[in-house]
Amino acid sequence: MADTVAGASPDPHASGEDPNRRDFIHIAAGVAAVGLVGGLAWPFIDQMNPAGDTLALASIEVDISKVVEGQQIVVKWRGKPLFVRYRTAKEIEAAIKDDHADLRDPQTDESRHKPGKAQYLILIGVCTHLGCVPTFGGGDYGGWLCPCHGSVYDTSGRIRRGPAPLNLAVPDYSFLSDTKVKVG
Amino acid sequence: MLRKGFAFAALGLALLAGPALAATTNEEPSNVHWSFEGPFGKFDKEQLQRGYKVYREVCSACHSMNLMYFRNLGQKGGPFYDPKYPNPNNNPVVKSLAHDITVKDIDTDTGDVISRPAIPADKFPAPFANEYAARASNGGSLPPDLSVMAKAREGGPAYIYSLLSGFKAPPAGLTLQAGKYYDPYFAGDLTGSWHGAASKVPEGGAISMPPPLTDGKVTFDDGHANRIKDEAYDVSAFLAWAAEPKMEERKAFGLGAMIYLLIFSGLLYASYKKIWKNVAH
Amino acid sequence: MSGHSTYEPKTGLERWLDSRLPIIRFANDTIVTFPTPKNLNYWWTFGGVLSLMLGLQIVTGIILAMHYVPHVDYAFNSIQRIKRDVNYGWLIQGMHANGASMFFLAVYIHMFRNLYYGSYKAPREVLWILGCVIYLLMMATAFFGYVLPWGQMSFHGAVVITNLIGALPIIGPSITTWLWGGFAVDDPTLNRFFSLHYLLPFMIAGVVALHVWALHVPGNNNPTGVNVKSKEDTVPFHPYYTVKDGFAISVFLIMYAVFVFYLPDALGDAANYIQANPLQTPQHIVPEWYLLPFYAILRAVPNKLMGVLLMFGAIGTLFVLPWLDTSKVRSMRYRPTMRLYYFIFILACLVLGYCGAHAPDDMVIPGVAGPQFLDANLNSIVWLSRIAALFYFVYFWVITPLMGLTETPLPEPESISTPVLSHPASAPAGATASPEKRG
Numbered sequence: 007m008a009d010t011v012a013g014a015s016p017d018p019h020a021s022g023e024d025p026n027r028r029d030f031i032h033i034a035a036g037v038a039a040v041g042l043v044g045g046l047a048w049p050f051i052d053q054m055n056p057a058g059d060t061l062a063l064a065s066i067e068v069d070i071s072k073v074v075e076g077q078q079i080v081v082k083w084r085g086k087p088l089f090v091r092y093r094t095a096k097e098i099e100a101a102i103k104d105d106h107a108d109l110r111d112p113q114t115d116e117s118r119h120k121p122g123k124a125q126y127l128i129l130i131g132v133c134t135h136l137g138c139v140p141t142f143g144g145g146d147y148g149g150w151l152c153p154c155h156g157s158v159y160d161t162s163g164r165i166r167r168g169p170a171p172l173n174l175a176v177p178d179y180s181f182l183s184d185t186k187v188k189v190g
Numbered sequence: 160m161l162r163k164g165f166a167f168a169a170l171g172l173a174l175l176a177g178p179a180l181a182a183t184t185n186e187e188p189s190n191v192h193w194s195f196e197g198p199f200g201k202f203d204k205e206q207l208q209r210g211y212k213v214y215r216e217v218c219s220a221c222h223s224m225n226l227m228y229f230r231n232l233g234q235k236g237g238p239f240y241d242p243k244y245p246n247p248n249n250n251p252v253v254k255s256l257a258h259d260i261t262v263k264d265i266d267t268d269t270g271d272v273i274s275r276p277a278i279p280a281d282k283f284p285a286p287f288a289n290e291y292a293a294r295a296s297n298g299g300s301l302p303p304d305l306s307v308m309a310k311a312r313e314g315g316p317a318y319i320y321s322l323l324s325g326f327k328a329p330p331a332g333l334t335l336q337a338g339k340y341y342d343p344y345f346a347g348d349l350t351g352s353w354h355g356a357a358s359k360v361p362e363g364g365a366i367s368m369p370p371p372l373t374d375g376k377v378t379f380d381d382g383h384a385n386r387i388k389d390e391a392y393d394v395s396a397f398l399a400w401a402a403e404p405k406m407e408e409r410k411a412f413g414l415g416a417m418i419y420l421l422i423f424s425g426l427l428y429a430s431y432k433k434i435w436k437n438v439a440h
Numbered sequence: 029m030s031g032h033s034t035y036e037p038k039t040g041l042e043r044w045l046d047s048r049l050p051i052i053r054f055a056n057d058t059i060v061t062f063p064t065p066k067n068l069n070y071w072w073t074f075g076g077v078l079s080l081m082l083g084l085q086i087v088t089g090i091i092l093a094m095h096y097v098p099h100v101d102y103a104f105n106s107i108q109r110i111k112r113d114v115n116y117g118w119l120i121q122g123m124h125a126n127g128a129s130m131f132f133l134a135v136y137i138h139m140f141r142n143l144y145y146g147s148y149k150a151p152r153e154v155l156w157i158l159g160c161v162i163y164l165l166m167m168a169t170a171f172f173g174y175v176l177p178w179g180q181m182s183f184h185g186a187v188v189i190t191n192l193i194g195a196l197p198i199i200g201p202s203i204t205t206w207l208w209g210g211f212a213v214d215d216p217t218l219n220r221f222f223s224l225h226y227l228l229p230f231m232i233a234g235v236v237a238l239h240v241w242a243l244h245v246p247g248n249n250n251p252t253g254v255n256v257k258s259k260e261d262t263v264p265f266h267p268y269y270t271v272k273d274g275f276a277i278s279v280f281l282i283m284y285a286v287f288v289f290y291l292p293d294a295l296g297d298a299a300n301y302i303q304a305n306p307l308q309t310p311q312h313i314v315p316e317w318y319l320l321p322f323y324a325i326l327r328a329v330p331n332k333l334m335g336v337l338l339m340f341g342a343i344g345t346l347f348v349l350p351w352l353d354t355s356k357v358r359s360m361r362y363r364p365t366m367r368l369y370y371f372i373f374i375l376a377c378l379v380l381g382y383c384g385a386h387a388p389d390d391m392v393i394p395g396v397a398g399p400q401f402l403d404a405n406l407n408s409i410v411w412l413s414r415i416a417a418l419f420y421f422v423y424f425w426v427i428t429p430l431m432g433l434t435e436t437p438l439p440e441p442e443s444i445s446t447p448v449l450s451h452p453a454s455a456p457a458g459a460t461a462s463p464e465k466r467g
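Taken in sequence, the protein lines are chains Z, L and P. When we follow my numbering, the leftmost residue of the first sequence carries the number 7, and every step to the right adds one. When we follow my numbering, the leftmost residue of the second sequence carries the number 160, and every step to the right adds one. When we follow my numbering, the leftmost residue of the third sequence carries the number 29, and every step to the right adds one.
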């Protein structure tokens, strides 16, 4: 800005004024203008983040008493499927057996369920490849098979084969009682 | 000069926007004072809590508040906000207030309509299933939704306060239909029911709501006085909050914005004076 | 755009771009070196204010459209959701709703400035007509936008305004039905109004581009109304007017902020916080303040078709104004008699606005039982609005042409530079828009 002032016609601006002082006030005004735009930009950007009513549903309580052994229920949580699987002893055993197999994303089965609740596996039902919903019971490992690109998960929800890079994610959850789980 | 221009413009705006035309008459709402008045005014949390109790125990029998969720009670600026629980869904007070109320839901196994205790994410349940049920239970009149009532009437919370505490016996010469009550603060036209001199039609209107409040009707947990006007005052404040739960945020943001803009204007003025210093114009 | 360009590309990249798309040259000639009369006063800063307001309305409007649901069952609640649950939604909605009022306030100041200084006269007729087109588009946009919150005022305002078209003989009712997409204002109407409300601002932006183009051919008028004679009369737009407009914008923003943060509902109507109910009309139907004068003209006439024609005539008159004005002198600074009529004209517009806000039968002076004259009491709003509406038309169609032929204007300065240098008192003290003397 100051450059243009100095070069502008018609007045010479040769009044012997301290040029730093001159520059400062213009720069300060310019900075304040940028600050104003920036300050207004944030509300305009933040409005696209989840709104109050969306956040209110960010945590849900799930009644798991209805899950039958060997089956899973699917609950909608934060707009995505949440798998609640009641594993059979055989499935748990198979999962533990593979704890030290050659895993792409090594995790023990122990770390994927709450202590003493090995039968309940609660996972976000979204394939870590590109977001499809894996099919229950599919694939060679008896866990899940993603229909989109053939990612295979075992009975602990760990990735065993296919393009997905990571295991099915375990959400934050806690048992409120033996049959009630709070997710999120 | 700029200031003069804006003063002129603002005057023009005020002149045009200010006076609403009036075909109906009612007494001006009482001149009440609120903690949330003015550019720095805030809601009085305890008053809002009392106001919620009045709404819950009295008003909610007939009036819905369809825009309100239980979680709103515990959000920032709300009556039961607790800094320990930034997410109102976890606020135990809000949870227990919600739990006290029964809401309708669908059993996902059977598809049957069931009743269950509310959770903070639930809306305030409406007292009637639909408009027709509401009218049928209220002598043909529809109790209006109260969510934004404090903004939907000229005079706002002062109007609500005056209306609730202003019921009077109809003056001699005024014959009201059964199920109607006289309130000088209610906007209406009583010409048709008036038998006195045509120039002396009483102000106010015939309202279908019976006087809802009585002295001591609601007992406040904090032991606050509970005469009619106390109850009316508190519930009006609660409705003012419900009509704009973000009011405190708005004023706080506004303060920052005003200070920033004043400094910005000062800087620009100085810059402007510098640049134009040597131009004769 | 106009004249020869003073832009010289400095770097290789700029030269490369300049020979392919001279966009930097265009920006440079338009908002940097553009020679601007050096005596423009603050009334000339509203072009900048208006550009900003258009930008803000478009940005906040696009954001609101992300959250708004154009359906009769959800529209009202979706606006409330924006104000209650969307992050900073209360701010964005408040800026948009009050921004419309600020936009109109600025455009009215811009137009009255134009009338005072005769900026519509040759060679700026096209510039003025484009401005009138923008104003028309603004009114349409504001009307469509006001329907969207689907409150009682929104709905019944839409009913009243769309019924105006029904006043047209023969084709009127079919057009109204076509506009509604039904037999009343309903969901189809709301949806198409939303679509048009989204479209029109971009058309405004397009016409604004033409408006600025048309401005840059003859250049700015100025408070003396005298043509720019030499380079001595002008300064480059940047930094002289960027900083001056910037300062004015900042002051304008302060007033805007007062409304957004402290009086968010002051310019609105309480009835619009009640969801639209087609079965019940609110007690008092009034448009937003910026349309009140036209509303008053509409109601001043007892005949429906005549009222509609007169209302549109009030706007149409503006389009032919450059050819109604016979005066060679642009600025009213040198037309003392005309200036008097001009201020009465402003008063008439304010009076019309006042009348628009009141019921036709209301008394002007309370407590005075005036005599009955023709169809109404003389002391009633309806007669006041008739007098003001009459003056509105007489001002443009009688006073403006006649004064140019009969008046004796004061001597004009020879150039822009002369009055400030040799006739410091040439600007009459009564003019609200006397130029800045300082500096």
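A virtual CB, placed ideally from N, CA and C, is assigned to each residue, including glycine.
Cutoff 8 Å: residue i Cβ touching any chain P Cβ
| i | result |
| --- | --- |
| residue 113 of chain Z | no |
| residue 6 of chain Z | Nothing can be reported for residue 6 of chain Z: it is not among the residues displayed for chain Z, which extend from 7 to 190. |
| residue 409 of chain L | yes |
| residue 64 of chain Z | no |
| residue 168 of chain Z | no |
| residue 50 of chain Z | yes |
| residue 180 of chain L | For residue 180 of chain L, the pLDDT reaches just 42, beneath the cut-off of 50, and the residue's location in the model is therefore unreliable, although a value from the coordinates is still provided. Yes, because at least one Cβ of chain P sits closer than 8 Å to the Cβ of residue 180 of chain L. |
| residue 107 of chain Z | no |
| residue 190 of chain Z | no |
| residue 286 of chain L | no |
| residue 447 of chain L | Limits of chain L in this structure are 160 at one end and 440 at the other, which puts residue 447 of chain L out of reach. |
| residue 104 of chain Z | no |
Distance CB(residue i)-CB(residue j) smaller than 8 Å
| i | j | result |
| --- | --- | --- |
| residue 336 of chain P | residue 320 of chain P | no |
| residue 146 of chain P | residue 445 of chain P | no |
| residue 296 of chain L | residue 338 of chain L | no |
| residue 151 of chain Z | residue 144 of chain Z | yes |
| residue 429 of chain L | residue 31 of chain Z | yes |
| residue 281 of chain L | residue 223 of chain L | no |
| residue 285 of chain P | residue 226 of chain L | no |
| residue 338 of chain P | residue 239 of chain P | no |
| residue 355 of chain P | residue 367 of chain P | no |
Any chain Z beta carbon closer than 8 Å to residue i
| i | result |
| --- | --- |
| residue 372 of chain L | no |
| residue 67 of chain P | no |
| residue 418 of chain L | no |
| residue 297 of chain L | no |
| residue 94 of chain P | yes |
| residue 204 of chain L | no |
Exposed unless 16 or more other CB atoms sit within 10 angstroms - verdict on residue i
| i | result |
| --- | --- |
| residue 308 of chain P | exposed |
| residue 403 of chain P | exposed |
| residue 160 of chain Z | buried |
| residue 178 of chain L | Note that residue 178 of chain L has pLDDT 43, beneath the 50 cutoff, so the model's placement of it is unreliable and the number below is only indicative. Classification of residue 178 of chain L: exposed, given that the 10 Å Cβ count is below 16. |
Contact belief for residue i with residue j at Cβ below 8 Å, rounded distance in angstroms
| i | j | result |
| --- | --- | --- |
| residue 301 of chain L | residue 372 of chain L | Not quite, the Cβ-Cβ distance comes to about 20 Å (not below 8 Å), so this is no contact. |
| residue 345 of chain L | residue 185 of chain L | 6 Å |
| residue 113 of chain P | residue 57 of chain Z | 4 Å |
Interface flag, residue i vs chain L, CB-CB below 8 Å
| i | result |
| --- | --- |
| residue 128 of chain Z | no |
| residue 105 of chain P | yes |
| residue 218 of chain P | no |
| residue 361 of chain P | no |
(request) Indicate whether the contact test is met: 3 or more Cβ pairs, each with one atom in the segment 116-132 of chain Z and one in the segment 91-103 of chain Z, closer than 8 Å. (result) yes
(message) Is it the case that the segment 206-222 of chain L contacts the segment 379-387 of chain L, given that we only count it when at least three CB pairs across the two stretches are under 8 Å?
(response) yes
(message) Taking 8 Å as the cut-off, does the segment 98-111 of chain Z touch the segment 164-172 of chain Z (at least 3 CB pairs, one atom from each stretch)?
(response) yes
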